[in-house]
Amino acid sequence: MENFIDLILDPLNGLFLKFKVFVPNFLAMLVILFIGILIALIIKRALMKFLTAISFDSWSDRMGFTKLMRKGDLWSKPTATLGTIIFWMLIIVTLMSGLNALQIPAIDQLVSQFFSYIPRIFSAAMILIVGYLLSGFISRAVLITAANSGFHYAKLLAKAVHTLLIVLILAMIMEQLQIAPSIVLAAFSIIFGGIVIALAIAFGVGGINAARRVIEKDVMPKREEETKDEIEHI
Amino acid sequence: MSDFFQTGIITTLHQLGKPSLERLESELHEFSKVRPIALVLPSLYSEFEGPAMPGIVQELAKVKYLNEIVLVLDKASEKEFQKVREFMSPISTEIKIVHNDGKRIREIYETFTRNGFNVGERGKGRSVWLAYGYVLARGRSDVIALHDCDIVTYSRELLARLCYPVVNPNLDYVFCKGYYSRISNKMNGRVTRLLVTPLVRSLQQLVGPHNFLAFLDSFRYPLAGEFCMTTDLARVNRIPWDWGLEVGSLAEVHRNYSPRRVCQVDIAANYDHKHQVLSADDASKGLMKMTVDICKSIFRTLASEGVIFSDGLFKSLLVSYLRHAEDTIMKYEADAAINGLKFDRHEEAMAVEAFTRAIGMATQVFMENPMTTPLIPNWNRVTSAIPDIFEMLQIAVDADNKQ
Amino acid sequence: MKTTTFRAEVQEQLERIGQADIIVGIPSFNNARTIGHVVRAVQGGLAKYFPDHKAVIVNSDGGSSDGTSDVVHNSSIDDFNAILLHHRVSPISKIVFPYSGIPGKGSAFRTVFEIAGVLGAKACAVVDSDLRSITPEWIELLVTPILKGGYDYVSPLYHRHKFDGTITNSIVYPLTRALYGKRVRQPIGGDFGFSGSLAQYYLTKDVWGTDVARFGIDIWMTTTAIANGFKVTQSFLGAKIHDAKDPGADLSSMLYQVVSATFELMETYAEVWMPIHGTEPVPAFGFEYTVGLEPVNVNTVRMLNTFREGLRNLGEIWFDILGAGDFGEVERLGALPDSEFRFPIGLWAQVVYDFALAFHKRKLPVEHLIKSMTPLYIGKTASFILEAKDMGQTEADAEIEKLCMEFEKRKDYLVANWK
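Residue numbers (this note's numbering), protein chains in the order written: chain E, 1 to 234; chain F, 235 to 637; chain B, 638 to 1056.
Here is the structure:
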């Protein structure tokens, strides 16, 4: 009989013990969450105060960031937007630390994965920003140089360069974030190769005449080639 | 029917005979291919519930030569904004509504403020200015025409005649102001008749011949809210955001262009609109506020052109104005008598009394602070400080109109 | 004042020379073909016109590999009697050395200024090493106003073909003139005279690590002299013929160098040029004569084509810089047939001011900004060539004068929008 009662009490006992361990952890999580949210709020407040003091909004208006926000139909103040972003990032970190306090192995693993993922997110963001600026810069340089030499399709060329760079950057970001690396690699090769082949075919089919002219111009001696302008610009 | 007398230093285009509207519109249609026209309509939501707006929409639906219409809607909720969009839908011309109270446009105003631009308080001046900005931002029109939305007697001939002088590339006008008589069973338009004209003439008497006064006196209806101009002018003009809007705009036109390139045109045989209530006690309301603002605007313009105002001059001005105004009343009494119009001499005298007080108030405000209501900066200045502002404004308006 | 220390042999030479009245600087880089002529002309000029002054020729070389230095060493006038009335008192020394610092004409000049300081020179002149038309008189014309006229800076006047020097004529001259109020006709001429004190003043400016050292030195010297109130004059030198420029140097880089240097100076001297209204003539020395106008080959059809392609492709960039109004005008130009193509001078002035403002507000990276101006400049140049096709020199000059007046008239716009 005693055995039987033990049989019933043991699991209950075990459950109780686990519960006893769990409750402080749970409380710890609540405290962490509470403090975390509080800190996040304070930081958000302080950050927004600081940004307003250095007239970040006005700076953002002039630097074109506000325009980017408006393009995405985001109509709050730049300071408020930045404050909210920072706030939610802090909340996520808080949430992760809170969950960690529960000391449940599955969640633990998730959390540690999350934290080890942060550097990747960071570097992906860096790649995105730098890449975005750089691709704009390069494609504009291509546009201006091509247009100055009187090339009719300068805009198209610049667009193509821009697209290729963006594809490249996106692939780099995906790779950095380790999102289905093999697929990304394959997709990238296919898209990139596809674009090149498409361009080649397009030029080959649509541009036979143009190509002929180009070749003729280069191969034929420049007999009646327009004489060079003789004016001095400086 | 009118005479063909040319007044003052600007050109006056009269209505002579019965010009064909059809010919006018077909010519406008041709010209507008080279000089596309934008129509700017400053409006309050309340006007959509009034009697004038249905007529205006009905007429505008028949107009084919406009390139775009920009309606600035003030004092309207989101729901009312949607109603207005619905209301305007019979018009086939591309129409954009600037929703002044929408979150996007509010944020745009906020952007001006935080970059150090004082665009003033809510009102026609500010709305009109923002509409110019939007037209400039789109860069699709060369000419901007503008009229109020409370004209009960609206006909599309008014619009055609208003646009014609600036749109016709063979006439070299950059600015054209409408004029008309304001008669119902009596004479309306008191502020022009009894305030502006007598005041301008008294000033001329006191400070001697002056370019701006001669310019202002040339307009048959300087306070008319109907005008048409090139977008270049809209770009460089600064406008006051208070009731000095009309006079202040004329001052800016005078500052930037030769009178040779300015004209006025007879736009309507008859015209009627909502009347302001005369409140003699409270200067910040109705006609009184308007009068004070107009006087301040004239004083400031003259001061900026080197006229020196002193206490003595202002005292003489009051006396001189009163004399001129009383003479004017007599003239209009005779004018009313021959035309069989009702003429309440007492009411007219009361108005002059109120105007005299308003001039007194304006001189006081002016002496205390000659720089009172500042002008809204011109768009050239704004775009140089906030290069993206045009694009942002365009995104805001287009997004509001897409939903 | 920070100075570069001279290499030992130069130091030695300088010590041996001790003191000099006149320094003539010739910057060079692979100019073996022409520099001999230049050195002889300079020697001749010094010997003929300044026999009583101690003079030094300084060849500041950018590391030529074609034997430029040897040519300088070996160049001398064999028979002085041919040009001289009497022999000079002291011989003319020559200092030949490679300069240090960022490669460029500016660094070369810097060492010339420094040598002038060490030797206590009263007057200096610099001339280009690729000149074919230089005569001994040039030295007299560049140096005399300094030594005898009490001037600090002598800028050149040339006679050039009406279609030559278009960057000067349509941008640099009208702009500098409207900004600083002095009608200096060739602010980027390349051949200048200046006083010893101005040379020392130049050295006090901390610009030798910037683009001034590389390519902006000409406009920098002129502007610095005008903006700081030095006494400026001009000398009529005659024709300017020089060795064909490097054919590989493309127009947009040239435009970038000249225009960015000019715009950069607008930043430095904003306080100086803002309040200036109107312009005044600058006195000129020398005997002015006209040169013939032989027809030149210009393909305006191709130029207009470049303008239209530019409009098609760079339209959006221009729109941002010019704003809707002026861009609309430019767009209208694109639709004109070749025969009717005319770039209104008022619009051009506006375009230049708008680019200056965009530069000031850093709307785009500088190189992109100015290079994107190239098709506009080509359009304007083509328009001028079409207009001035049948004009004589005087009429063509009158056209440039009209353009300058437009720049002056619209300066208010620039000032009002600068902030």
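Just so you know, even glycine gets a beta-carbon here, dropped at the ideal spot from N, CA and C.
Are residue i and residue j close, meaning C-beta to C-beta below 8 Å?
i	j	result
H333 of chain F	I339 of chain F	yes
S744 of chain B	W857 of chain B	no
D767 of chain B	D848 of chain B	no
K1017 of chain B	W1055 of chain B	no
A295 of chain F	Q628 of chain F	no
I1022 of chain B	T937 of chain B	yes
T860 of chain B	Y795 of chain B	no
V661 of chain B	A815 of chain B	no
I672 of chain B	V709 of chain B	yes
K1048 of chain B	S618 of chain F	no
When you compare only the Cα positions, how much space is there between residue i and residue j?
i	j	result
I43 of chain E	P285 of chain F	55 Å
A146 of chain E	G983 of chain B	28 Å
K159 of chain E	E625 of chain F	21 Å
E777 of chain B	S872 of chain B	10 Å
P399 of chain F	I201 of chain E	55 Å
M220 of chain E	S149 of chain E	Reliability of the predicted coordinates at M220 of chain E is poor, the pLDDT of 49 falling under 50, and no value is obtained from them.
A517 of chain F	A592 of chain F	At A517 of chain F the pLDDT is 46, less than 50, meaning the model places this residue with poor confidence; the figure from the coordinates comes in the next sentence. Spanning the two alpha carbons is a distance of roughly 8 Å.
S554 of chain F	G594 of chain F	13 Å
S701 of chain B	N667 of chain B	5 Å
G738 of chain B	L1001 of chain B	29 Å
H914 of chain B	K1046 of chain B	9 Å
I804 of chain B	D855 of chain B	14 Å
I620 of chain F	S976 of chain B	40 Å
W477 of chain F	L273 of chain F	21 Å
I243 of chain F	Q439 of chain F	18 Å
N865 of chain B	K759 of chain B	19 Å
I118 of chain E	V130 of chain E	18 Å
N635 of chain F	K330 of chain F	7 Å
I771 of chain B	I234 of chain E	18 Å
G423 of chain F	R416 of chain F	6 Å
E281 of chain F	Y810 of chain B	57 Å
P474 of chain F	S538 of chain F	15 Å
K842 of chain B	A876 of chain B	33 Å
E225 of chain E	V306 of chain F	Here E225 of chain E scores only 44 on pLDDT, less than 50, and its place in the model is too uncertain to base an answer on.
V733 of chain B	V764 of chain B	15 Å
In chain B, what lies closer than 8 Å to residue i by C-beta?
i	result
T617 of chain F	G960
K155 of chain E	R949 and N950
Since residue i and residue j should fall inside the 8 Å C-beta cutoff, what is the C-beta to C-beta distance between them, to a whole number of angstroms?
i	j	result
I528 of chain F	V599 of chain F	About 12 Å; that fails the 8 Å criterion.
Q176 of chain E	S123 of chain E	6 Å
S665 of chain B	D698 of chain B	5 Å
V869 of chain B	D789 of chain B	7 Å
P432 of chain F	H558 of chain F	4 Å
G412 of chain F	I501 of chain F	4 Å
G459 of chain F	D382 of chain F	4 Å
L892 of chain B	F867 of chain B	Their Cβ separation, rounded to whole angstroms, is 28 Å, which puts L892 of chain B and F867 of chain B out of contact at 8 Å.
Please compile the residues from chain E whose C-beta is within a distance smaller than 7 Å of the C-beta of residue i.
i	result
H796 of chain B	In chain order: nothing, as chain E lies at least about 13 Å away.
At a CB-CB cut-off below 9 Å, which residues of chain E make contact with residue i?
i	result
T590 of chain F	Result: empty, since nearest Cβ-Cβ is about 46 Å, beyond 9 Å.
T619 of chain B	Outside the shown range of chain B (638 to 1056) lies residue 619 of chain B, about which nothing can therefore be said.
Please list, in chain order, the chain B residues whose beta carbon lies closer than 7 Å to that of residue i.
i	result
P324 of chain F	What P324 of chain F touches in chain B: nothing, since even the nearest Cβ is about 30 Å away.
Which residues in chain E sit within 8 Å of residue i, going by Cβ to Cβ distance?
i	result
E946 of chain B	A147, G150, F151, H152 and A154
*Mind checking the segment 128-151 of chain E against chain B and listing, in chain order, the residues whose C-beta falls within less than 9 Å of any C-beta there?*
F137, R140, A141, L143, I144, T145, A146, A147, N148, S149, G150 and F151
*Scan the segment 417-448 of chain F for residues whose Cβ lies nearer than 9 Å to a Cβ of chain B and list them as they occur along the chain.*
none
*What residues in the segment 363-374 of chain F bring their beta carbon closer than 7 Å to a beta carbon of chain B?*
L370 and G373
*Check each residue of the segment 992-1003 of chain B: if its Cβ is closer than 8 Å to any Cβ of chain F, include it; give the result in chain order.*
L994, K998 and K1000
*asked:* Give me the subset of the segment 977-992 of chain B whose CB atoms are less than 9 Å from a CB atom of chain F, sorted by chain position.
replied: none
*Below 7 Å between beta carbons is the criterion; list the residues of the segment 776-810 of chain B that meet it against any residue of chain E, in chain order.*
F800, D801, G802, T803, I804 and T805
_To be precise: take each residue of the segment 66-85 of chain E, compare its Cβ to all Cβ atoms of chain F, and keep it if any distance is under 8 Å. Which residues remain?_
T66, K67, R70, K71, D73, W75, S76 and K77
*Can you list, in chain order, the residues of the segment 1042-1055 of chain B whose Cβ is nearer than 9 Å to any Cβ on chain F?*
Y1050, A1053, N1054 and W1055
*Taking only beta carbons into account, state which residues of the segment 155-184 of chain E come closer than 7 Å to chain B, listed in chain order.*
K155
*Residues within the segment 661-691 of chain B neighbouring chain F, beta-carbon criterion of under 8 Å*: none
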